[in-house]
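Under the working numbering, the residues of the sequence shown are numbered 240 to 984, in order.
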Amino acid sequence: MAEFMELEAQDGVRMTWNVVPGTKEEAGNCVVPVSAIYTPIKPFPNMLVLPYAPLRCRNCSSVLNPFCVMDFAAKIWICPFCFHRSHFPAHYASVSEENLPAELFPQYTTIEYKSPREAACLQSVFMFVIDTSIIEEEMAFLKSALSQVIGLFPDNSLVGLITFGTLVHLHEIGFSTAPKTYVFKGSKDVSKGQLLEQMGFFLNKPKPLTGVRDGLSSESIARFLLPASECEFAINSVLEELQKDPWPIPADQRASRSTGTALSVAASLLGACFPGSGARIMAFLGGPSTEGPGAIVSKNLSEPIRSHKDLDKDSAPHYHKAIKFYETLAKQLVHQGHVLDLFACAVDQVGVAELKVVVERTGGFVVLAESFGHSVFKDTLRRVFQSGDKGLGLSSNGIFEVNCSKDLKVQGVLGPCASLEKGNTSAWKMCGLDQATSLCLVFDIVRKDIPDATVQSSSSQFYFQFLTFYQHSSGEMRLRVTTLSRRWVAGPGSIQDLISGFDQDAAAAAMARLVSFKMEIEAEFDPIRWLDKALIHICSRFGDYQKDTPSSFSLSPRFSIFPQFMFHLRRSQFVQVFNNSPDETAYFRMILNRENVANSVVMIQPSLVSYSFQSVPEPALLDVTAIAADRILLLDSYFTVVIFHGSTIAQWRKAGYHDQPEHQAFAQLLQAPRDDADAIIKERFPVPRLVICDQHGSQARFLLAKLNPSASCNSDGHRPGGDIIFTDDVSFEVFLDHLQRLAVQ
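So, in structure tokens, the structure goes:
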């Protein structure tokens, strides 16, 4: 793995195949698609930022890079993508073998440009959209969390406020002496024109015929969006006065909540005031939308909120209508270049499954917690506004483009972006992105046959170039360019080369995104069958065995953990949905779709560490046999961090031994996993949930659900002090046994 991680440290890229199958047929036989998981603005300690515009190929627009062929005498460079010959412009006149510009240095395969012409720093805008149809206690938690982050807003940002319940209230915070709100009916959608007219934007002057922005004065905008430095008092005053939605709720009904209309008003206002500028709508939802466009359930409590079963049977009455509404909203926000962030805090579902399309296409965050008082929500919200090294490096207005060799085609991108539908889908809009946002690019090998040996020897490289044009968190516009080269192979002797370049971690992450995507868009798709089939094909193609002899089967170390990843992926929350609500499933998939390889692997196959008196903390097998009465286990499944005390440890803790001076060692043993869990939680975004539980306790299920059931109710071999899992799932050993039998056929 080390060499793949080195490549990632240099360019922020992990590829499933680092030696690429050279023909369409060869790529099909490899089963795992040729894909790259790329973190467009990953921070690098020695990142070079050049203060001039990039030099581009006249034919294909790719940027000058270390793989270009130079003719210094004629002052010409040859593009590796289209082989076009371009002359260096006058300001490159002194270029020579001894005097290379930085972008041609072999170590600068990733480089950034900032154009002096675009140095004007753009403002960022935050529009808070707050649900008031929540109980008093939740309201108090939410107000407290928001008042704590008001002081953390970036200096050059603007802030606005919308609250909603039965009605939608747009607060005019620009006049603190006599605050005013504009009220909209929650049951009706509001167009941009209606919104501006109702708010008196066009009083005393004719309504503009073209772009609305030209007709808005800065005074009009300042009524609703205040600079961060001036808004603290105004927003705190509104928050102090903020009451729960006053409309009475009959006993047999849900609260009236017009989420869709509120988001629509926010989008239209930002579209009129700041099209093309980095703006974020931050929605804080405490329950399901029941009123107006985008409603996911009726107010009648006798109607349950849709489940996975309802969606499968197509018996969720509001689902398709809500999806259609939010797809239109997503289109509008992408066009404006704005982001929707979702903070969903409720015991019930709030409609994350329907809102997923907007959040994902605009590159927003999603946070799912049970209450606004939960640390998952409060700590995550604080992290959004943290600056400096601990900050997320929030950036906006991204355009992501891909250039590649003519024998390659980009099939698509899985991740938080929206296609610009530019020709061959090689450009995407990324309204919001941060230092960790990662895209998964899937490539098609177009070439049908192997070129003859002479051609092959001279050009057995495929080239990829990723261009990310974005508004940096400092406000300036930048272009990051990453150019890669990978060798391709084809023909009978290529198996060993393909094996040597296989990155099983990246392959697991790509397969997880792919199976989640297929489950959402393909009717009657069977994910387990699809994954099993893929794994059998891979093992039979790349395994070492004698035909029909399962005992002779072995896999190269490059592939040896892949079956284990697939075993855990089959059991993961991305594939098994029966125990989760549609909101939870949507949440898990949205996070998977934006994370890098290392984090995705933890989601698929959690890490387990064991603490005991006998040894230092050590990694343990993700297996029920890891449980022992005198052990503490720390499970990191990305969304949840679990500290699990074996039964003896739990008894000693309840007896208070750790408080006695003579049992200092026991106190240290209890503290060690706590410290390690805190370190994980501090680094992660969104903040994971911490569960501390005991063997045989009800919350032990958070650990047991992730373990390989090698000792279950259907098998023997229960150890004293250990545990068994009550499940019909097969164990990894049985799974591997079946896999070997099928692969050697």
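Here a beta-carbon is modelled for each residue, glycine too, at the ideal position from N, C-alpha and C.
In this structure, DSSP gives residue 512 a helical state, which the three-state scheme calls helix. In this structure, residue 599 lies away from residue 838, with their beta-carbon atoms at least 8 Å apart.
Distance from the CA atom of residue 939 to the CA atom of residue 932, rounded to whole angstroms, is 6 Å. With respect to the 8 Å criterion, residue 362 and residue 397 are classified as neighbours on the basis of their beta carbons. For residue 893, the enclosing alpha helix (DSSP H) starts and ends at 886-893. Residue 540 counts as exposed, since fewer than 16 other C-beta atoms from the protein chains shown sit within 10 angstroms of its C-beta. In the three-state scheme derived from DSSP, where H, G and I count as helix and E and B as strand, residue 407 is classed as strand. Annotation for residue 860: 847, 947 place their beta carbon closer than 8 Å to its own, counting only its chain and skipping 5 residues before and after. For the set 836, 685, 867, the Cα lying nearest the Cα of residue 247 is the one of 836.
Burial is judged here by how many other beta carbons sit within 10 angstroms of a residue's own beta carbon; residue 378 has at least 16 and is buried.
Taking a contact as a CB-CB distance under 8 Å, the pair residue 491 and residue 405 does not count as one, their CB atoms being some 17 Å apart. Between residue 350 and residue 287 the beta-carbon gap is near 5 Å, inside 8 Å, which marks them as a contact.
By the criterion of a C-beta distance shorter than 6 Å, residue 295 is surrounded in its chain by 302, once the five residues flanking it on both sides are discounted.
Counting only residues of its own chain and dropping the five nearest sequence neighbours on each side, residue 980 has a CB closer than 8 Å to the CB of 789. Taking 8 Å as the cut-off, the Cβ atoms of residue 518 and residue 364 count as close. For residue 544, there is no enclosing alpha helix (DSSP H), as DSSP gives it neither H nor E.
Just so you know, the alpha carbons of residue 266 and residue 659 end up roughly 27 Å apart. When the five nearest sequence neighbours on each side are left out, the beta carbons in the same chain lying within less than 6 Å of the beta carbon of residue 369 are those of 402, 523, in order along the chain. For residue 267, the enclosing alpha helix (DSSP H) has its first and last residue at 263-268.
By the CB criterion at 8 Å, residue 568 and residue 502 fall inside the cutoff. Note on residue 486: under 16 other CB atoms within 10 angstroms of its CB, so exposed under the neighbour-count rule.
In its chain, beyond the 5 residues on either side, 897 have a beta carbon closer than 6 Å to the beta carbon of residue 909. Listed as beta-bridge partners of residue 849 by DSSP are 857, 872. Relative to the Cα of residue 531, the nearest Cα in the group 580, 565, 466 belongs to 565. For residue 643, there is no enclosing alpha helix (DSSP H); the enclosing beta strand (DSSP E) covers residues 634-643. Between residue 382 and residue 684, the beta carbon gap of about 56 Å keeps them out of contact (Cβ cut-off 8 Å). Secondary structure of residue 240 (DSSP, three-state): coil. When the beta-carbon positions are compared, residue 743 and residue 801 come within less than 8 Å of each other. Nearest to residue 276 by alpha-carbon distance, out of 682, 601, 305, is 682. Within the stretch 785-832, the runs of alpha helix (DSSP H) that reach at least 4 residues and sit entirely inside it are, in chain order, 801-810, 821-831. In its chain, beyond the 5 residues on either side, 868, 934 have a beta carbon closer than 6 Å to the beta carbon of residue 886. By the neighbour-count criterion, in which 16 or more other beta carbons inside 10 Å mark a residue as buried, residue 323 falls on the exposed side. Between residue 282 and residue 822, the alpha-carbon positions lie close to 32 Å from each other. Counting along the chain, residue 459 sits inside the alpha helix (DSSP H) bounded by residues 457-461. The DSSP-derived three-state label of residue 839 is helix. A straight-line Cα-Cα distance of about 43 Å links residue 289 and residue 929.
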